[in-house]
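So the protein lines, in turn, are chains U and E.
In terms of this note's numbering, the first sequence opens at residue 19 and continues consecutively.
In terms of this note's numbering, the second sequence opens at residue 3 and continues consecutively.
Yeah, the Cβ is synthetic: ideal placement off N, Cα and C, and Gly gets one too.
Predicted, not measured: the structure shown is a model, and the values here were computed from it.
Okay, so here's the structure we're looking at.
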Amino acid sequence: MSGISYSSYKPTTKVGKWMDERLPVGRMFHAQFVDFPTPRNLNYWWTFGGILSFCLMAQIVTGIVLAMHYQPSGEMAFDSVERIRRDVNFGWLIRNLHAVGASMFFIAAYVHIFRGLYYGSYKAPREILWIIGVIIFIVMMATAFMGYSLPWGQMSFWGVTVITNLFSSIDSIVPGLGTTVVEWLWGGYSVTGVTLNRFFSLHYLLPFVLAGLVVLHVWALHVVGQNSPMGLDVKTPSDGVPFTPYATSKDAVGMFAFLLFFCWFAFFLPDYLGHADNYVEANPLVTPPHIVPEWYFLPFYAILRAIPSKLGGVIAMFGAIAILVLVPWLDTSKVRSTKYRPLYRWFFWLFVFSCVALGWLGSKPAEAEYVFWARVFTFYYFAHFIVVMPLVGWFEKPLKVPGSITEAVLAKNKGAAAAAPAAKS
Amino acid sequence: MAIEAEEPDRRDFLVLAASAFAAVGGAMTLWPFIQQMNPDAGAQALASIEVDLSPVKVGQAITVLWRGKPVFIRHRTEEEIAVAKAVPMKDLIDEYARNAALPEDALATDPNRTKDGHENWLIMVGICTHLGCVPKGQAQGDSRGDFGGWLCPCHGSHYDTAGRIRKGPAPRNLEVPVYNFVSGSLIKIG
Chain U
19 MSGISYSSYK PTTKVGKWMD ERLPVGRMFH AQFVDFPTPR NLNYWWTFGG ILSFCLMAQI
79 VTGIVLAMHY QPSGEMAFDS VERIRRDVNF GWLIRNLHAV GASMFFIAAY VHIFRGLYYG
139 SYKAPREILW IIGVIIFIVM MATAFMGYSL PWGQMSFWGV TVITNLFSSI DSIVPGLGTT
199 VVEWLWGGYS VTGVTLNRFF SLHYLLPFVL AGLVVLHVWA LHVVGQNSPM GLDVKTPSDG
259 VPFTPYATSK DAVGMFAFLL FFCWFAFFLP DYLGHADNYV EANPLVTPPH IVPEWYFLPF
319 YAILRAIPSK LGGVIAMFGA IAILVLVPWL DTSKVRSTKY RPLYRWFFWL FVFSCVALGW
379 LGSKPAEAEY VFWARVFTFY YFAHFIVVMP LVGWFEKPLK VPGSITEAVL AKNKGAAAAA
439 PAAKS
Chain E
3 MAIEAEEPDR RDFLVLAASA FAAVGGAMTL WPFIQQMNPD AGAQALASIE VDLSPVKVGQ
63 AITVLWRGKP VFIRHRTEEE IAVAKAVPMK DLIDEYARNA ALPEDALATD PNRTKDGHEN
123 WLIMVGICTH LGCVPKGQAQ GDSRGDFGGW LCPCHGSHYD TAGRIRKGPA PRNLEVPVYN
183 FVSGSLIKIG
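This is the structure:
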C-alpha cells in the first residue's frame, strides 16, 4: 500500500520545521491519523478499535488514581477500598469507573473480536495483526483477574485460590511440580496478603505492557491497511477516505454512544456486573456457596467445568483461547467477509450462540443438565475451529465478491455516490 | 465551500459548538481527578484535638501532633516572658505576630503571640518557616540557640522565647495555630 506513508504534513512554524528535520513526530502522526486512507464503507463495528484504545487509557488513568488511595495488604486492602468509596473525594466515581470500566473493556473487546471473525480480518496479510490481538486479549484477562483480587472480598480471595490452583494440575504430569508452581505464585502455602501484594504490583505493570502491545497492533494495522465489510482492501484512491475527518468523526459518534452506555452502568448500576459476596471481607476459612468468576470469564469457566478431568479441563480452557492464534490458517476460504459466505454464515452465528450459551452455563452451578449442555457447546466451540473452518472453506461456493470497494459502493448507491468525497492520496 | 465566505457558515458553527462542548466536558471530567487528591472528609474530621496542660510544669515543654504536624507547647518561666517582652520591635526580622487568631497585620509583640491571661503558655506549630524542619529546644539538653528559644538544626535558624525568628535564613516567626482554653487547663487546637 503505497498511500500509507504519504503525508501532506507541512510544518508552518519555525519550531515545527526545526523539529520536523530532527524528529518528525508530527509528520508521522499526520500520516497515520490524518492522511491514512481508511475504507470508505466502514460500518460502526469498526469504531470499537478506537473505543478500546479509550478503554485502556481510562483504566490506566482511573487505576493510577485508585493506587494513590489503595493499600495492597491483607489487613488493609478491603477497608481501603471501602474508604475510597465512602471518604475519598469522588472516590465513589473513580472506583466505579474503574470497576465498570473493566467490564466495558471486555464488552468492546468481544465485539471487536467477533467483528474480526465475521469479516475475516485475520486472513492474509493480517495474521500478525490478529495474533498480536490475541496476545492483547490474554494479557487483558491476566490484568483483569489480578485486578479483581485487589478489593480482597470473598470472591477476590476464592477466585484467586481457584484460578491459581489450576496450575496444581501440572502435578498429574510431573508429580510435585504443580504444587511448587502454585506455592511460588502464592509466596506461601495458601493465598495470603503476600499474594495480594504481588498481584497489585503486576496489576499496575501489565496495563503498560498492554499499551506497548497496542502500539504494535496499530502499527501492524497501518502497514497492511484496514479490512472492510466486503473483505476488500483499499487498492485505489477512490476506495478510501482520509482518516481525519471521516474515520475520526465516525469513531467519535461510536465512542459517545458507548460512553452513554458506560456511564449508565457507572452511575446507576455500578455493582450490577459484580457479586454481592465481594462486599464480604476475604475469609480463608469459609468458601462462598457459589463461586463464579466475572462475567467476561464465564464461557472459559464453563469449558473448564465441562471436562471431567482436572488437567483436561485446564488444557481445554487455555486451549480455547490459544486456538485463536491458528485461525488465519484454519480458515481455508479464499473469501474474507462472511457477507459472501452463505454456508459459513450459519456456522458463524452458531458459534456466537455457543459462546453466549457457554457464558450463561458458566454462571450456573455445575450440575446435571448444565454440565451436559456445557459439554455440547464446548464440543461445538472447538469443532468450529478444527472442523468447520477448514471444511466449509473447501466445500462452500461463495457469492460473487465485488471487484473493489468503489465498485461495491457505487453499485449500492446507484450513481448517487459520484458526489461522495474521495481520498486525496 | 465558498472560498470568499465572510459570514460564518454552518460548519464554522458546528466546529465551534463541538469544541466548546468538548472543552466544558473535558474540564468537568478532569475536576474529580484533581479533587480526589485533596484532604478527604476523614482527614478533615481529625482537624482539631484537645490537650490537657495540667501535667506540664513551669519550664517544661511538650510536643503534640495536630494535622500531622508537631505543635510546641512551652510553659514559660517568668524570666523567659520578661526577656520576650523586652525585645524592641526593630530587632525583629519578622514584625508580624503570625497568630491565626489575630489580623494579619498584628505586630509580633509578646502578648500577640499568646492568649490574654495565659501568657505563660506559648503554643506554636513546631515547623521552621525556612524549609519545614522541626527546630530543637523542646527536650531537656537541646540547644536553644542564641536567644533561649529554639534552634533549627537544618540551616541554623534561631528563635527567641516567643518563637520569633531572630537569626538565620527563616523568613517568618513560628506560626501560632487557632486554639482556645476550653476549661481550666484544657485547650482545643484547631
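Would PHE108 (chain U) pass as an interface residue toward chain E - the criterion being a Cβ-Cβ separation below 8 Å? The residue labelled residue 108 (chain U) in the question sits at position 90 within the first sequence. So, interface residue.
Could you give the first and the last residue of the continuous beta strand (DSSP E) run that contains THR65 (chain E)? Taking the first residue of the second sequence as position 1, residue 65 (chain E) is located at position 63. Counting along the chain, the beta strand (DSSP E) containing THR65 (chain E) begins and ends at 63 to 68.
In chain E, which residues lie with their C-beta within 8 Å of the C-beta of ASP105 (chain U)? Reading the first sequence from its first residue, position 87 is the one you call residue 105 (chain U). For the C-beta of ASP105 (chain U), the chain E residues within less than 8 Å are, from N- to C-terminus, ASP42, ALA43 and GLY44.
Within 8 Å of any Cβ in chain U, is that where the Cβ of GLN62 (chain E) sits? The sequence position of residue 62 (chain E) within the second sequence is 60, counting from 1. With respect to chain U, the C-beta atom of GLN62 (chain E) has no partner C-beta closer than 8 Å.
Quick one: does PRO137 (chain E) have its CB under 8 Å from some CB of chain U? Counting from one through the second sequence, the residue named residue 137 (chain E) turns up at place 135. Not one chain U Cβ lies under 8 Å of PRO137 (chain E).
For ARG174 (chain E) and GLY151 (chain E), what's the separation of their Cα atoms in angstroms? The sequence position of residue 174 (chain E) within the second sequence is 172, counting from 1. The sequence position of residue 151 (chain E) within the second sequence is 149, counting from 1. Those two C-alpha atoms are separated by around 15 Å.
Comparing the CB of TRP313 (chain U) with every heavy atom of the ligand ADP, is any distance shorter than 7 Å? Judged by which ligands are present, the structure shown has none, so any question about the ligand ADP falls away.
Taking Cβ to Cβ, would you say VAL444 (chain U) is nearer than 8 Å to PHE283 (chain U)? Outside the displayed range of chain U (19 to 443) lies residue 444 (chain U), so it cannot be described from this structure.
Excluding the 5 residues preceding and the 5 following MET3 (chain E) in the sequence, name in chain order all residues of the same chain whose CB lies nearer than 8 Å to its CB. If you number the second sequence from 1, residue 3 (chain E) lands on position 1. No answer about MET3 (chain E) holds up, because its pLDDT of 49 lies below 50 and its placement is not dependable.
Beta carbon of MET126 (chain E) nearer than 8 Å to that of PHE183 (chain E): Translated into the one-based positions of the second sequence, residue 126 (chain E) becomes position 124. Translated into the one-based positions of the second sequence, residue 183 (chain E) becomes position 181. Judged by their CB atoms, MET126 (chain E) and PHE183 (chain E) are not nearer to each other than the 8 Å cut-off.
I want to see whether chain E comes within less than 8 Å of ALA438 (chain U), judged by CB atoms only; does it? What you label residue 438 (chain U) is simply residue 420 of the first sequence in a count that begins at 1. Per-residue confidence for ALA438 (chain U) stands at a pLDDT of 49, beneath the threshold of 50, marking its modelled position as unreliable; no derived number is given.
Around the C-beta of TYR181 (chain E), are 16 or more other C-beta atoms found within 10 angstroms, so that it is buried, or is it exposed? Reading the second sequence from its first residue, position 179 is the one you call residue 181 (chain E). Taking every protein chain shown into account, the CB of TYR181 (chain E) has 16 or more other CB atoms within 10 angstroms, so this residue is buried.
Chain U partners of GLN38 (chain E), CB-CB under 7 Å? Position 36 of the second sequence, counted from the first residue, corresponds to residue 38 (chain E). The contacting residues are VAL83, VAL106, ASN107, PHE108, GLY109 and ILE112.
Would you say the stretch 93 to 104 of chain U touches the stretch 272 to 281 of chain U, given that touching needs at least three Cβ pairs under 8 Å? Judged by pairs of C-beta atoms under 8 Å, the stretch 93 to 104 of chain U does not touch the stretch 272 to 281 of chain U, as fewer than three such pairs exist.
Buried or exposed for ALA172 (chain E), please, with buried defined as at least 16 other CB atoms from any protein chain shown within 10 angstroms of its CB. Taking the second sequence and counting its residues from 1, one reaches residue 172 (chain E) at position 170. Counting Cβ neighbours within 10 Å, ALA172 (chain E) comes out buried, since at least 16 surround it.
Measuring alpha carbon to alpha carbon, tell me which residue in U:GLU385, U:THR161 and U:VAL178 is nearest THR219 (chain U). Reading the first sequence from its first residue, position 201 is the one you call residue 219 (chain U). Sequence check: residue 219 (chain U) is Ser here, not Thr. Closest by alpha carbon: U:THR161.
Taking only the alpha-carbon atoms, compute the straight-line gap between ILE191 (chain E) and LEU104 (chain E) and give it to the nearest angstrom. By 1-based counting over the second sequence, the position of residue 191 (chain E) is 189. By 1-based counting over the second sequence, the position of residue 104 (chain E) is 102. CA-to-CA, the gap between ILE191 (chain E) and LEU104 (chain E) works out to about 15 Å.
Apart from the five residues just before and just after LEU203 (chain U), which ones in its own chain have a Cβ nearer than 6 Å to its Cβ? The residue labelled residue 203 (chain U) in the question sits at position 185 within the first sequence. If we look at LEU203 (chain U) and ignore the five residues flanking it on each side, its Cβ neighbours are THR182.
Quick one: which chain U residues come within Cβ less than 9 Å of PHE35 (chain E)? Numbered from 1 along the second sequence, position 33 holds the residue referred to as residue 35 (chain E). Result: VAL79, THR80, VAL83, PHE108 and ILE112.
Work out the CA separation of GLU80 (chain E) and TRP123 (chain E) for me, nearest whole Å. For this step, residue 123 (chain E) is matched to residue 121 along the second sequence. For this step, residue 80 (chain E) is matched to residue 78 along the second sequence. In a straight line, the C-alpha of TRP123 (chain E) is about 11 Å away from that of GLU80 (chain E).
Which of the three DSSP states is assigned to ARG354 (chain U) in this structure? Translated into positions along the first sequence, residue 354 (chain U) becomes position 336. ARG354 (chain U) falls in the coil class under three-state DSSP.
By a C-beta neighbour count over all protein chains shown, 10 Å radius and 16 as the cutoff for buried, is TYR290 (chain U) buried or exposed? By 1-based counting over the first sequence, the position of residue 290 (chain U) is 272. Classification for TYR290 (chain U): exposed.
Can you check the stretch 143 to 189 of chain E for any alpha helix (DSSP H) of at least 4 residues that lies completely inside it and give the ranges in chain order? Segments of the alpha helix (DSSP H) lying fully in the stretch 143 to 189 of chain E: there are none.
For LEU316 (chain U), which residues of its own chain have a beta-carbon under 6 Å away from its beta-carbon, when the five flanking residues on both sides are left out? Position 298 of the first sequence, counting from 1, holds the residue named residue 316 (chain U). Here LEU316 (chain U) has GLY377, GLY380 and SER381 as same chain residues with Cβ atoms under 6 Å from its own Cβ, once five neighbours each way along the sequence are excluded.
LEU124 (chain E) (DSSP reduced to helix, strand or coil): To locate residue 124 (chain E), count along the second sequence from 1; it is residue 122. Strand, per DSSP.
Start-to-end residues for the alpha helix (DSSP H) that takes in THR56 (chain U): Here residue 56 (chain U) is taken as the residue at index 38 of the first sequence, counted from 1. THR56 (chain U) -> not in any alpha helix (DSSP H); beta strand (DSSP E) instead, spanning 55 to 57.
Between CYS373 (chain U) and the rest of its own chain, which residues show a CB-CB distance below 6 Å, the 5 nearest in sequence each way excluded? Along the first sequence, one-based indexing puts residue 373 (chain U) at 355. Result list for CYS373 (chain U): PRO317, in chain order.
Please report the straight-line C-alpha distance between LEU111 (chain U) and VAL241 (chain U), rounded to a whole angstrom. Residue numbering aside, residue 111 (chain U) sits at position 93 when the first sequence is read from its first letter. Residue numbering aside, residue 241 (chain U) sits at position 223 when the first sequence is read from its first letter. Spanning the two alpha carbons is a distance of roughly 39 Å.
CB LEU94 (chain E) to CB ALA108 (chain E), shorter than 8 Å? By one-based count along the second sequence, residue 94 (chain E) stands at place 92. By one-based count along the second sequence, residue 108 (chain E) stands at place 106. No; because the gap between Cβ atoms is not below 8 Å, this pair is not in contact.
3-residue-minimum beta strand (DSSP E) runs that sit fully inside the stretch 73 to 133 of chain E, ordered along the chain: With a minimum length of 3 residues, the continuous beta strand (DSSP E) runs that stay inside the stretch 73 to 133 of chain E are 123 to 127.
According to DSSP, what are the bridge partners of PRO260 (chain U)? In the first sequence, the residue the question calls residue 260 (chain U) occupies position 242. U:PRO55.
By the three-class DSSP mapping on this structure, what secondary structure does SER20 (chain U) have? By one-based count along the first sequence, residue 20 (chain U) stands at place 2. Because SER20 (chain U) sits at a pLDDT of 40, beneath the cut-off of 50, its placement in the model cannot be relied upon, and the following sentence gives the value as read from the coordinates. Reduced to three states, the DSSP call for SER20 (chain U) is helix.
Strand pairing of GLU52 (chain E), partner residues [DSSP]: Here residue 52 (chain E) refers to the residue found at position 50 of the second sequence. BP columns for GLU52 (chain E) point to E:LYS190.
Quick one, are the C-beta atoms of SER208 (chain U) and THR197 (chain U) less than 8 Å apart? Taking the first residue of the first sequence as 1, we reach residue 208 (chain U) at position 190. Taking the first residue of the first sequence as 1, we reach residue 197 (chain U) at position 179. Contact check for SER208 (chain U) against THR197 (chain U) fails: the beta carbons are separated by 8 Å or more.
Is the stretch 289 to 305 of chain U close to the stretch 356 to 376 of chain U, with three or more CB pairs under 8 Å? Taking one beta carbon from each stretch, the stretch 289 to 305 of chain U and the stretch 356 to 376 of chain U have fewer than 3 pairs nearer than 8 Å; the two do not touch.
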